[in-house]
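Residue numbers (this note's numbering), protein chains in the order written: chain A, 1 to 473; chain B, 1 to 473.
All C-beta atoms in this analysis are idealised placements derived from N, C-alpha and C, irrespective of residue type, glycine included.
Predicted model, so just to flag it, every value in this text is computed and none were measured.
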C-alpha cells in the first residue's frame with residue numbers, strides 16, 4: 001500500500017517533471033501528503049526515488065527542484081529569445097576583424113603590418129611603463145595630463161594665427177577610436193536623433209552610431225568630399241546637430257577634402273548651430289599630402305575632433321583622444337566615465353613615451369615611402385592581373401585601395417570566391433550606411449607582405465573573369 | 001567720394017558684424033558693389049580696413065568671414081546649449097573618483113592601497129608582456145583565448161557536480177567592470193526598459209544603467225540580501241527581464257547572501273524567464289567567508305556573471321570578464337565590439353601572467369589578514385572616537401565599511417565638514433538608485449594608511465558632534 005502510494009506519487013511527478021522547466025520547485029512534502037493522502041515516510045520515499053533517478057535535487061532548507069541536467073545535456077537557451085526580444089539593431093563583427101587561415105592572403109584587415117610600426121620604440125616604452133608609477137595607479141577619467149597636453153599641442157600646431165588653440169583639458173583620452181565615437185554619438189546626438197554621416201565611410205563609425213541608436217542620414221561623399229550645400233540642406237531638413245566625416249585620407253578611399261572644403265563645411269555647421277565630428281584616423285599615415293585638420297580652424301567648439309594612435313603606434317597601445325570644448329566636452333567625459341571610468345595608465349604612459357621620443361618623427365618620415373611603395377605595388381598588380389578592378393582615386397594617405405568592380409558584380413560572391421582561393425578581401429557594403437552606391441571592395445595594401453600582391457591580384461582577376469562570364473552567360 | 005563710400009561700407013558692415021556669429025560669411029564683393037553703387041577698388045579698400053581692424057578674415061577662393069577672435073577672447077559655447085538640449089540623464093563623476101590634496105586622509109576611494117597589490121608580479125608581468133607578441137598585435141574581440149579559459153575555469157571550479165560549467169568561449173574579456181555592465185545593460189535590457197537593481201548598490205552600476213538609459217527599479221537589499229518574493233513580485237509587476245546584484249561582499253556593506261538565497265533567487269529568475277546579473281567584484285577580496293558565485297549553479301544561461309581583476313591585480317591592468325551563454329553572449333559581444341573592438345593584448349597578457357603565477361595564490365592568502373586587520377582597526381577607531389557612526393554589519397569581504405549616521409544627519413554637510421578638516425569620505429547617497437534609505441557614508445579601510453584611522457575617526461566624531469549640536473540647537 002505504501003509502495004503503491006509512493007509509486008503513484010513518483011509517476012505523477014515524473015509526468016509533471018517532463019514538461020516542467022529545469023529549476024522548477026516541486027510541491028512541498030506537506031502539499032504532497034495532503035494531495036495523495038499519504039504519510040511523510042511515503043512521500044520521502046517517492047522523493048528519494050526521484051533523486052535516485054537524477055530527476056530532481058533537494059536543497060536543504062530551500063526545497064526540491066527539477067534538475068537542470070538530465071542525462072547527457074544539450075544546453076537550451078531558447079528562453080532567452082523571449083527575454084531578449086528582437087534586436088534593436090544589427091550589430092555584428094566586421095569582416096575586417098576576421099582571423100583567417102595563416103596561409104591565406106589577407107587584404108581585408110584595417111591594420112598595418114608589424115614592420116610598419118615603431119616596434120623598438122613601443123617595446124621600450126611599455127617596458128618603461130611597467131617600471132613606472134603608471135603600472136600601479138589609477139589615472140584621471142580625462143586622461144594622463146601630459147598625454148592630454150600632447151594631443152592638444154598636436155592640434156594647436158595646425159591652428160592658424162588668431163584661432164584659439166585647443167587646450168590640454170579639451171583633450172579626453174579614450175581607449176581607441178570606436179570608444180570615442182560611441183561616446184560622442186551618445187552624448188552629442190542621442191538615441192533616435194539624426195546623425196549626418198559621409199557615405200561611404202568607416203564601418204566602425206556606422207557600427208558605433210547604430211549601437212548608440214542614432215538615426216543615420218547618409219551624405220554622399222567621395223574623393224571631392226561632401227557638397228556643403230547638400231550638407232546645409234540636410235541639416236535644415238533633418239534638424240540634425242552633427243555631421244560625421246573623415247576629411248583627411250578617408251577610410252575607405254584615402255582621399256583628402258580640397259583645401260577650401262574644410263572652411264566651407266565649418267561655415268555650414270556654424271550657421272546651423274551644429275557639430276562637425278572630425279575623425280582624423282590617418283593623421284600619421286600620410287603619403288602624398290599633409291593632414292590639415294578642420295578642427296584647427298575652429299574656436300567656437302563646433303568641431304569635435306578624434307585622433308587615434310592605435311594604427312600608427314601599435315594595436316596593443318589602444319589610445320586615442322577626443323578633443324571637444326564647452327558643454328560637449330563635459331557630456332562626452334561623463335559618458336566615458338560611466339562607460340569605462342578611465343583608460344589604463346600603462347597604455348597612456350607608453351603612448352606618450354613613444355610619441356615624444358626623437359625616433360617617432362623619424363619613424364613617421366620613413367613610413368611615407370613605405371606606404372607609397374606598397375600602395376603603388378598593389379595598384380600595379382591590379383592593373384596587370386585584375387584590370388576589371390578599378391582604383392578610381394589613388395589614395396593620398398591611409399592604408400587602403402577602394403576598388404570599384406564592374407557594374408552588376410555580385411560583391412558578396414566575389415568575396416566568397418576569393419576566400420575559396422585563399423584571398424581575403426572586404427566587401428565594400430560595410431562602408432555604406434544605407435544601400436551601397438556601387439560594387440566595391442576594399443583592399444589593404446599595408447597589412448600583407450607585398451611579395452603576395454601579384455598572387456592576390458591574379459586570384460581577384462580570375463574570380464572577376466569568372467563572375468563576368470557567368471553574369472553574361 | 002571713394003573714401004566716403006568705403007567708410008560707409010565699413011560702417012554698415014561693422015554694425016552687421018557686431019551681431020553676426022563668428023564665422024559668418026560676408027556678402028561677396030560683387031554684392032557689395034551692387035548694393036553701394038561702388039567700384040571694386042572701394043569695396044576692396046573697405047575690406048582691407050575691416051581686416052586691419054581684425055574684424056574679418058579673408059580665405060582666398062572661399063570668401064570673407066567674421067573673425068571669431070575679437071581682441072582678448074572669451075570663448076562662448078552658448079550655442080551648444082541649444083544643439084545639445086537638456087541631458088537625458090544626470091551623468092557625473094563619482095565623488096569616489098576625486099583626486100584629493102596629498103595631505104588629506106582619503107577614505108572615499110574604491111581602491112586598495114598599493115601595498116595590498118601584487119606589485120612585484122604585476123611589474124614582472126607587464127615587462128614580459130612588453131617583450132611578447134601581445135605588444136604588437138591585435139586581440140580577438142572576445143579576448144585572449146587563454147585568459148577567457150582562465151576566467152571560465154575559475155567559475156567552473158565552483159560549480160557543483162552535475163552543473164554544466166562555463167566554457168572558455170562564454171567568457172568575454174572587457175576593460176573593467178563598468179565596460180561590462182554598460183554592455184550588459186545595453187544588450188540585455190535596452191533603453192527605456194526596466195532593470196531591477198539592489199538598493200543600496202555600487203554607484204558604478206547605477207551610473208552604467210543610467211548611461212544605457214534603462215529604467216531603474218530598486219529592490220531593497222542589505223546584509224540579508226533581497227527578499228526573493230519581493231523580487232518575484234517586482235519581475236511580474238514590471239515585466240523586467242534582469243536583476244543586478246552583488247551576492248558576494250556587496251559594495252557598500254561587504255555582506256554575503258545567506259547560502260540558500262542564491263538558489264532561491266536563481267529559482268525566481270528561472271521561473272520568470274529573467275537574467276540575474278551577478279557582479280562578483282570582490283571575489284579576490286574575501287576576509288571572513290569564501291565567495292560562492294550563484295553563476296556556478298546555473299547552466300541555462302540565467303546568470304550573467306561579471307568578475308574583475310582591476311582591484312586585486314592593479315588599477316592599471318583594467319581587465320574583467322563577462323561570462324554569459326546563449327544569445328545573451330552574442331549580444332554582449334556585439335555591443336563590446338561596436339563600443340571598443342577589443343581590449344589591449346598587453347593588459348590581457350599581463351593579467352593572465354599574474355593570475356597564473358604561483359605567487360598569486362600566496363598573495364591572495366596574505367591579503368586576507370591584511371584586509372581583516374585594516375577593517376577591524378578602522379572599526380575600533382570609530383568605536384572610540386566617533387561612537388555616533390555605527391557599522392551595523394561587519395563586512396565579510398571587500399574594502400569598505402558602510403556607516404550609518406544618526407537619523408536626520410545632513411550627510412552632504414558632514415562630508416563637506418570632514419573635507420574642511422582634511423578627511424575625505426563618500427556620501428552614501430551615491431549608492432542608492434532612488435532616495436537614500438537613511439543617512440550613510442562609506443569608508444574605505446583598504447586605501448589609506450591605518451596609522452591615520454584614529455585621526456580620521458576623531459575628525460568624523462567631532463563633525464558628527466557639531467552636526468548633532470547644531471541639529472538640536
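| Query | Result |
| --- | --- |
| Assigned exposure category for residue 263/B - 16 Cβ within 10 Å defines buried | buried |
| Within the region 349-407 of chain B, ranges of the alpha helix (DSSP H) (whole runs, at least 4 residues) | 358-385 |
| Three CB pairs or more closer than 8 Å across the region 154-174 of chain A and the region 165-181 of chain B | no |
| Test: residue 265/B CB closer than 7 Å to a CB of chain A | no |
| Same chain, Cβ closer than 7 Å to residue 351/A, neighbours up to 5 away in sequence not counted | 147, 309, 313, 317 and 319 |
| Range covered by the beta strand (DSSP E) that runs through residue 321/B | 320-323 |
| Against chain A: residues of the region 319-343 of chain B by CB proximity under 7 Å | 325, 326, 327, 328, 331, 334, 335, 337, 338, 339, 340 and 341 |
| First through last residue of the beta strand (DSSP E) which encompasses residue 444/A | 440-444 |
| Runs of alpha helix (DSSP H) lying entirely within the region 113-168 of chain A, each at least 4 residues, in chain order | 119-131 and 145-156 |
| Minimum Cβ-Cβ distance from residue 417/B to chain A less than 7 Å | no |
| Assumed close pair residue 349/B, residue 95/B - CB separation to whole angstroms, cut-off 8 Å | Rounded, the Cβ-Cβ distance is 34 Å, inconsistent with contact. |
| Reduced DSSP secondary structure (H/G/I, E/B, other) of residue 335/A | helix |
| Own chain residues within Cβ distance below 7 Å of residue 185/A, not counting five before or after | 195, 208, 209, 212 and 214 |
| Proximity below 7 Å, CB of residue 238/B to CB of residue 217/B | yes |
| Residues in the region 144-177 of chain B having any Cβ partner in chain A nearer than 8 Å | 162, 163, 164, 175 and 176 |
| For residue 286/B and residue 399/A, the rounded distance between their alpha carbons | 49 Å |
| Buried or exposed by the 16-neighbour rule on C-beta atoms within 10 Å, applied to residue 177/A | buried |
| Environment of residue 1/B [buried if 16+ CB atoms lie within 10 Å] | Residue placement at residue 1/B is flagged as unreliable, the pLDDT there being 44, under the threshold of 50; the coordinate-derived value follows with that caveat. It counts as exposed. |
| Paired residues, beta bridge with residue 106/A - DSSP | 424/A |
| For residue 191/A and residue 219/A, the rounded distance between their alpha carbons | 19 Å |
| Residue environment, residue 383/B, which counts as buried when at least 16 other CB atoms sit within 10 Å | exposed |
| Sufficient close CB pairs (3 or more, under 8 Å) joining the region 373-393 of chain A to the region 455-473 of chain A | yes |
| Cutoff 7 Å: residue 314/B Cβ touching any chain A Cβ | yes |
| Residue-chain proximity (residue 346/B, chain A), Cβ-Cβ < 7 Å | yes |
| Cβ distance (whole Å) where residue 276/A is taken to contact residue 294/A below 8 Å | 6 Å |
| For residue 196/B, three-class secondary structure by DSSP | strand |
| Contacts of residue 119/A in chain B (Cβ-Cβ under 7 Å) | 136 |
| Residue 177/B: first and last residue of the uninterrupted alpha helix (DSSP H) it sits in | 177-184 |
| Three-way DSSP call (helix, strand, coil) for residue 432/B in this model | coil |
| Start and end residues, beta strand (DSSP E) containing residue 218/B | 215-220 |
| Partners in chain B for residue 492/A, counting only beta-carbon separations shorter than 8 Å | Residue 492/A lies beyond the stretch modelled for chain A, which goes from 1 to 473, so this question has no answer here. |
| Reference residue 243/B; option with closest CA among 288/B, 411/B, 426/B and 227/B | 227/B |
| Within-7 Å CB hit, residue 308/B to chain A | no |
| Closer than 7 Å to chain B by CB, residue 72/A | Caution is warranted here: a pLDDT of 46 is assigned to residue 72/A, below 50, making its placement in the model unreliable, and the coordinate value is therefore given only provisionally. No, residue 72/A lies away from the interface with chain B (no Cβ there is under 7 Å from its Cβ). |
| Cross-chain neighbours of residue 32/A in chain B, by beta carbon under 9 Å | The contacting residues do not exist; residue 32/A stays about 18 Å from chain B at best. |
| N-terminal and C-terminal residue of the beta strand (DSSP E) that residue 278/A is part of | 275-279 |
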